[in-house]
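In the working numbering, the protein residues as written are 517 to 1046. Here's the structure, in structure tokens; my notes come after.
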Ligand code: G3H
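Structure representation (structure tokens):
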């Protein structure tokens, strides 16, 4: 879609480019005068289609990557650093300071989200607000965690003061589809638990971190947050090879996660917090409410153009209702409105990866060649930065769209006769995040649910798959995840139980009493944080 400038609402026009010319290490926003990378949007600002230049970021090299690593290691300082030894309430205060400043950047970040990744206005605002809520909820959850630990236990004649301590230095890498929210669901719990962090923004959705650089700088002690820009391979490889990373926190692709882990020379030192790809199926049973099912499958497969790890990426429909479902579904897909992110009712938006339309076209061609058809009239219509969602039927396991995580606008539908067919595919699949089941007869649903919970980690009944609400566990089996994220679980994933033990005798008890009354230790504390 091309646009003359006057058609783009004034508040969303790119009037000046964002030149991010610094990176954050050792508490300093260090100026960078080396090579830079221009950032383009696939959205055009001119009547004749041309990508829009949004700004630039530093293209840092190995030297700066290792500088960020040293900064993070120095801030952790072998467990003696100011941040990992700080009182819980003081770390919370830093986080409150950060989130208060972040809130003032909403407009800038939302605008960049729309231009950089093509997310529509409402969803971009939701991504920002959801992230602020996540930070506030994390603060509350940490207070509760601290309250639960503010005590001594006694077993077998030994007193114990048990808390959760940080793991060390975290390398944090987020995805382009939720460059703010998902990255922060790693970064924020990692930080608040006392770890120090090196953060490299995603390949797309990078300029939107610019407005937050100063907030990071002035909210946390030096070296606690380090932000570097450049290619993942150039920066992350030497950092991992150093063997000094304690946690790899990544939301993205399992291949990158594997490659990064392989670079680390001390495997048992490295903890993993990974949210990876998925191929979540919908299973439509003969007694499904088809109108509800169609609506859920539309939002499940095509919100944000299908670029969600939780998207429904394959739809299994029972052969007895396949024709009826297909007709309704295909007709509804064709009513979806393709527009620029700020336009009213923008349900489908430009694809941020310039190569994505070609890739989706390849998947279409492959499945056509192997016997599927496009069953919606507009399916596969190409424009400069978009390809209209193609609904493919009947799809089978030999087709690429069945095997690959499409992460874009194409919906494969697979007919089935026996429920064992989708169950077999799910068991064989390398993925295991979520499933959506549509139906109502409990004598069918009950055994199905009992099996599905063992193949994935969330069974959605008559609704599409999703990550939220963020208080619920977000995880997956096999190549879909490692560790569990949720407001509550993330605090655990980024920490380890560690405690002080002392035999019950007068000598030790006097020491413990003195520690408590003087409050000399930040770890030993029975204070209740309000
Ligand atoms: O990309 C995967 C996200 O975790 C999906 O989150 O279900 O809230 O869109 P969502």
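The beta-carbon is built from N, C-alpha and C at its ideal position, and this holds for glycine as well.
For residue 906, name the three-state secondary structure that DSSP assigns. For the purposes of this step, residue 906 is taken as residue 390 along the chain shown, with counting starting at 1. Note: residue 906 maps to strand in three-state DSSP.
Name the residue from 707, 916, 893, 1010 whose alpha carbon lies nearest to the alpha carbon of residue 848. For the purposes of this step, residue 848 is taken as the residue at position 332 of the chain shown. Cα-wise, what sits closest to residue 848 is 893.
DSSP state of residue 1042, grouped into three classes? If you number the chain shown from 1, residue 1042 lands on position 526. Note: residue 1042 maps to coil in three-state DSSP.
Does at least one heavy atom of the ligand G3H sit under 6 Å from the Cβ of residue 825? Mapped onto the chain shown, residue 825 falls at position 309. In this structure, the ligand G3H has a non-hydrogen atom nearer than 6 Å to the beta-carbon of residue 825.
Would you say the beta carbon of residue 983 is closer than 6 Å to some non-hydrogen atom of the ligand G3H? Residue mapping note: residue 983 aligns to position 467 of the chain shown, counting from 1. Distances between the C-beta of residue 983 and the heavy atoms of the ligand G3H include at least one below 6 Å.
Alpha helix (DSSP H) containing residue 609: first to last residue? Residue 609 sits at position 93 when you count from the first residue of the chain shown. Element bounds for residue 609: 604–619.
Contact set for residue 956: own chain, Cβ-Cβ below 6 Å, skip 5 residues either direction: Position 440 of the chain shown, counted from the first residue, corresponds to residue 956. The residues are 803.
Any non-hydrogen atom of the ligand G3H closer than 6 Å to residue 693 Cβ: On the chain shown, position 177 is the one that residue 693 refers to. Answer for residue 693: yes, Cβ within range of the ligand G3H.
Any 3 or more C-beta pairs closer than 8 Å across the segment 993–1009 and the segment 783–798: In short, these stretches touch, since the Cβ pair count reaches three.
Residue 686 versus residue 715: straight-line alpha-carbon distance, rounded: Against the chain shown, residue 686 aligns to sequence position 170. Against the chain shown, residue 715 aligns to sequence position 199. The straight-line gap from Cα to Cα measures roughly 8 Å.
Nonlocal neighbours in the same chain, by C-beta distance under 8 Å from residue 521, ignoring five residues either side: Translated into positions along the chain shown, residue 521 becomes position 5. The predicted position of residue 521 is uncertain, since its pLDDT is 44 and thus under 50; a value taken from the coordinates is nonetheless stated next. Here the set comprises 529, 561, 562.
For residue 833 versus residue 767, is the C-beta distance shorter than 7 Å? Position 317 of the chain shown, counting from 1, holds the residue named residue 833. Position 251 of the chain shown, counting from 1, holds the residue named residue 767. For residue 833 and residue 767, no; Cβs fall outside 7 Å.
Can you grab the Cα-Cα spacing for the pair residue 954 / residue 979, in whole Å? Counting from 1 along the chain shown, the entry for residue 954 is found at position 438. Counting from 1 along the chain shown, the entry for residue 979 is found at position 463. Approximately 7 Å between the Cα atoms of the pair.
DSSP state of residue 780 mapped onto helix, strand, coil: In the chain shown, residue 780 corresponds to position 264, counting from 1. Reduced to three states, the DSSP call for residue 780 is coil.
Exposure label - residue 822; buried when at least 16 CB within 10 Å: Taking the chain shown and counting its residues from 1, the one referred to as residue 822 is at position 306. By the neighbour-count criterion, in which a residue is buried when 16 or more other Cβ atoms sit within 10 angstroms of its Cβ, residue 822 is buried.
Looking at the unbroken beta strand (DSSP E) that takes in residue 546, where does it start and where does it end? The residue you call residue 546 lines up with position 30 of the chain shown. First-last of the beta strand (DSSP E) with residue 546: 544–547.
Note down, one range per segment and in chain order, each alpha helix (DSSP H) of at least 4 residues found wholly within the segment 802–846. You should have 806–818.
Are three or more beta carbon pairs between the segment 724–741 and the segment 749–761 nearer than 8 Å? The answer is no - the segment 749–761 does not touch the segment 724–741, with fewer than three Cβ pairs under 8 Å.
Measure the alpha-carbon distance for residue 946 versus residue 989 and round it to whole angstroms. As a first step, residue 946 is located in the chain shown; it is residue number 430 there, counting from the start. As a first step, residue 989 is located in the chain shown; it is residue number 473 there, counting from the start. Roughly 20 Å separates the two Cα atoms.
Extent of the continuous alpha helix (DSSP H) run through residue 626: The residue you call residue 626 lines up with position 110 of the chain shown. The continuous alpha helix (DSSP H) containing residue 626 extends over residues 622–633.
Nearest candidate by alpha-carbon position, reference residue 918, set 936, 904, 942: Here residue 918 refers to the residue found at position 402 of the chain shown. Ranking 936, 904, 942 by CA distance to the CA of residue 918 puts 942 first.
Classify residue 539 as helix, strand or coil using the three-state DSSP reduction. As a working note, residue 539 is residue 23 in the chain shown. Strand at residue 539.
By Cβ distance, which residues of its chain are closer than 6 Å to residue 518, with the 5 residues on each side in sequence left out? Residue numbering aside, residue 518 sits at position 2 when the chain shown is read from its first letter. The predicted position of residue 518 is uncertain, since its pLDDT is 45 and thus under 50; a value taken from the coordinates is nonetheless stated next. Here residue 518 has 560, 563, 565 as same chain residues with Cβ atoms under 6 Å from its own Cβ, once five neighbours each way along the sequence are excluded.
Where the beta strand (DSSP E) through residue 671 begins and ends: Within the chain shown, residue 671 is the residue found at index 155, counting from 1. Taken as a continuous stretch (DSSP letters only), the beta strand (DSSP E) holding residue 671 covers 669–671.
How long is the line joining the alpha carbons of residue 1023 and residue 642, rounded to whole angstroms? As a position in the chain shown, residue 1023 is number 507, starting the count at 1. As a position in the chain shown, residue 642 is number 126, starting the count at 1. Straight-line Cα distance between these residues: approximately 56 Å.
If you pair each beta-carbon of the segment 567–578 with each one of the segment 548–559, do three or more pairs fall below 8 Å? By the criterion of at least three beta-carbon pairs nearer than 8 Å, the segment 567–578 is in contact with the segment 548–559.
Rounded separation between residue 698 and residue 952 - CA only: Numbered from 1 along the chain shown, position 182 holds the residue referred to as residue 698. Numbered from 1 along the chain shown, position 436 holds the residue referred to as residue 952. For residue 698 and residue 952, the distance between alpha carbons rounds to 22 Å.
When DSSP labels each residue in this structure, what does residue 519 get in the three-state scheme? Numbered from its first residue, the chain shown carries residue 519 at position 3. Per-residue confidence for residue 519 stands at a pLDDT of 47, beneath the threshold of 50, marking its modelled position as unreliable; the derived number appears in the next sentence. When secondary structure is reduced to three states using DSSP, residue 519 falls in the coil class, being assigned neither helix nor strand.
In angstroms, rounded to a whole number, what distance separates the CA positions of residue 555 and residue 597? Residue 555 sits at position 39 when you count from the first residue of the chain shown. Residue 597 sits at position 81 when you count from the first residue of the chain shown. About 36 Å.
Contacts around residue 739, its chain only, beta-carbon distance under 7 Å, and the 5 residues preceding and following it disregarded: For this step, residue 739 is matched to residue 223 along the chain shown. Excluding positions up to five away in sequence, the list reads 542, 543, 587, 588, 590, 591, 712.
So, is residue 1044 buried or exposed, given that buried needs 16 or more other C-beta atoms within 10 angstroms? Along the chain shown, read from residue 1 onward, the residue named residue 1044 stands at position 528. With fewer than 16 other Cβ atoms from the protein chains shown falling within 10 Å of its own Cβ, residue 1044 counts as exposed.
Does the pairing of the segment 665–676 with the segment 1003–1010 give three or more beta-carbon distances under 8 Å? Cβ pair count under 8 Å is below three, so no.
How is residue 688 classed by DSSP in three states: helix, strand or coil? Here residue 688 corresponds to residue number 172 of the chain shown, with the count starting at 1. In the three-state DSSP reduction, residue 688 falls in the strand class (E or B).
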